[in-house]
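S.K.:
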Amino acid sequence: MTAVLGLETSCDETSVALLGEGGRVLASAVASQFEAHGRFGGVVPEIAARAHLANLPPLLDAVLDEARLSLADVTLVAATAGPGLVGALLVGLSEGKGLAMGLGVPFVAAHHIEAHALSPFLDLSGGPARPVPDDFAALVVSGGHTHLYRFSGRRIALLARTRDDAAGEAFDKVAKMAGLGYPGGPALDALAARGRAAAPFAVPRFSDRSFDFSFSGLKTAVKERLKALGVAPQTGLPEALKTRTVDEAPAALADLAADFREAVVAQLEDRLTRVLGESPFRLLTVSGGVAANSLLRERLAAWGKVRGVEVLLAPRALTGDNAVMVAFAGLVRFLFHRPGEGLSAPARSRWPLESLE
Ligand code: KG4
Ligand code: ZN
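If you count by our numbering, then the sequence shown holds residues 66 to 422, one letter each, in order.
1. Quick check: what's the CA-CA separation for V90 versus A101?
2. How about L253 and L291: do their beta carbons lie closer than 8 Å?
3. Ends of the beta strand (DSSP E) at E375?
4. Counting C-beta neighbours from all protein chains within 10 Å, is the total for R326 16 or more, i.e. buried, or is it exposed?
5. I need the residues with a C-beta less than 5 Å from some heavy atom of the ligand KG4; please give them in chain order.
6. Please find out if some non-hydrogen atom of the ligand ZN comes closer than 7 Å to the beta-carbon of H177.
7. Taking the alpha carbon of G157 as the point to measure from, which residue in L418, R309, A412 and R381 has its own alpha carbon closest?
8. Just to check, is the beta-carbon of H117 closer than 7 Å to a non-hydrogen atom of the ligand ZN?
9. By the three-class DSSP mapping on this structure, what secondary structure does G71 have?
10. Name the residue from L183, D200 and L204 whose alpha carbon lies nearest to the alpha carbon of A194.
11. Closer than 7 Å: is that where the CB of H181 sits relative to any heavy atom of the ligand ZN?
12. Measuring straight from C-alpha to C-alpha, what distance separates L141 and R381?
13. Does the beta-carbon of G244, which I'm using as the reference point, lie nearer than 7 Å to any heavy atom of the ligand COA?
14. Measuring straight from C-alpha to C-alpha, what distance separates V355 and A388?
15. Spatial neighbours of D138 within its chain, please: C-beta separation below 8 Å, excluding the five flanking residues on both sides.
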């Protein structure tokens, strides 16, 4: 019997999950800390670490109950070792190592971005995970990352990355300026769906012909339009708070949100098309918090159809940070005999995925 225990504590979500044979999801639990951080307009590392410490034990009990298993049934433990907030990572990493040592089972120090990149292979309807192919491209779009990788056998190559803000960060900053609160990605997505994209923002390109992303210019352009609309950008602590709901937003703001969302998706399409032209791939996984975005899902699925690329979107429930993907990344590494540093792995705030074997 296989029972993989996964722990995720890299940022502001505490999560525990159990996977069975073939990567079947047996149980999963997530405790978000939005309320604890919301009033500060961003994640406060010390608050995150303390919350993980309080959240982990009840979540562990809950998933064991749900799966009708006991700790003695666990055959492999995986915990996120980076990248992320070191204090937050240490909580789950230490817990995972301690459990693995106590139970006498192997431990895999999982890479958060690899876990996101593999999450589209998981099935949330009770079935086994899809076998991870030898060669595929992976677009990870989250609050901390906008990275495009090529997985080929043991090698992971970075094809493009953001040079400034991550896509999710841009969503959060624009949402904040628009008074929609933090994290504002989902609210901005909902607002954009009510608007009409009619005044496109330019898609930036770098003169050195790289495929890199950039979202900070877009954020500034949105700020200018907000000013012109008379909806002044909000900065500073008190203004970082939520001042309006999606329902209360004026129509002009909904149109601006639609233009912004369109610009983010258009840039992702632009880079994917150019990368595909240079080094073709047959399968693309799309993951990370921003992969929950409704326009992105629709458009990238269509993008793949037209080009003969199979586009696997992470199940919506697995786009945000979760331990299901961490357990799966651990299982895949264990099965491929590439367990990494195991018990000796430190918590790392920075940890380039392409440096992994
Ligand atoms: O993967 P994730 O949970 O955490 C990181 O590792 O960063 O991603 C969170 C990010 C936040 O920036 C959030 O605003 C964004 O994903 N996000 C969205 C949507 N849902 C979450 N952005 C756009 N549209 C959404 N529907
Ligand atoms: Zn993440």
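Each residue gets a CB set at the ideal place from its N, CA and C atoms; glycine is no exception.
Quick caveat, the model's predicted, so the values are computed rather than measured.
M.R.: By the coordinates alone:
1. Indexing the sequence shown from 1 puts residue 90 at position 25. Indexing the sequence shown from 1 puts residue 101 at position 36. The straight-line gap from Cα to Cα measures roughly 29 Å.
2. Mapped onto the sequence shown, residue 253 falls at position 188. Mapped onto the sequence shown, residue 291 falls at position 226. Taking 8 Å as the Cβ cut-off, L253 and L291 do not qualify as a contacting pair.
3. Here residue 375 corresponds to residue number 310 of the sequence shown, with the count starting at 1. Looking at the DSSP string, the run of the beta strand (DSSP E) that includes E375 is E375 to L378.
4. Residue 326 sits at position 261 when you count from the first residue of the sequence shown. The residue in question, R326, is buried, as its Cβ has 16 or more Cβ neighbours within 10 Å.
5. S207, G208, G209, G233, F236, D237, P248, G250, P251, D254, G353, G354, V355, A357, N358, G385 and D386
6. Residue numbering aside, residue 177 sits at position 112 when the sequence shown is read from its first letter. Flag set: Cβ of H177 near the ligand ZN.
7. Sequence index remark: in the sequence shown, residue 157 carries index 92 (1-based). Taking only the C-alpha atoms, the option nearest G157 is A412.
8. To locate residue 117, count along the sequence shown from 1; it is residue 52. H117 Cβ: outside cutoff for every heavy atom of the ligand ZN.
9. By 1-based counting over the sequence shown, the position of residue 71 is 6. Reduced to three states, the DSSP call for G71 is strand.
10. Translated into positions along the sequence shown, residue 194 becomes position 129. Considering only alpha carbons, the answer is L183.
11. If you number the sequence shown from 1, residue 181 lands on position 116. Yes, since a heavy atom of the ligand ZN falls inside the 7 Å radius drawn around the Cβ of H181.
12. Here the question's residue 141 lines up with position 76 in the sequence shown. Here the question's residue 381 lines up with position 316 in the sequence shown. Rounded to the nearest angstrom, the two C-alpha atoms are 26 Å apart.
13. This structure lacks the ligand COA; the ligands present are the ligand KG4 and the ligand ZN.
14. As a working mapping, residue 355 is identified with position 290 in the sequence shown. As a working mapping, residue 388 is identified with position 323 in the sequence shown. Spanning the two alpha carbons is a distance of roughly 18 Å.
15. The residue labelled residue 138 in the question sits at position 73 within the sequence shown. The answer, listed in chain order, is M66 and A68.
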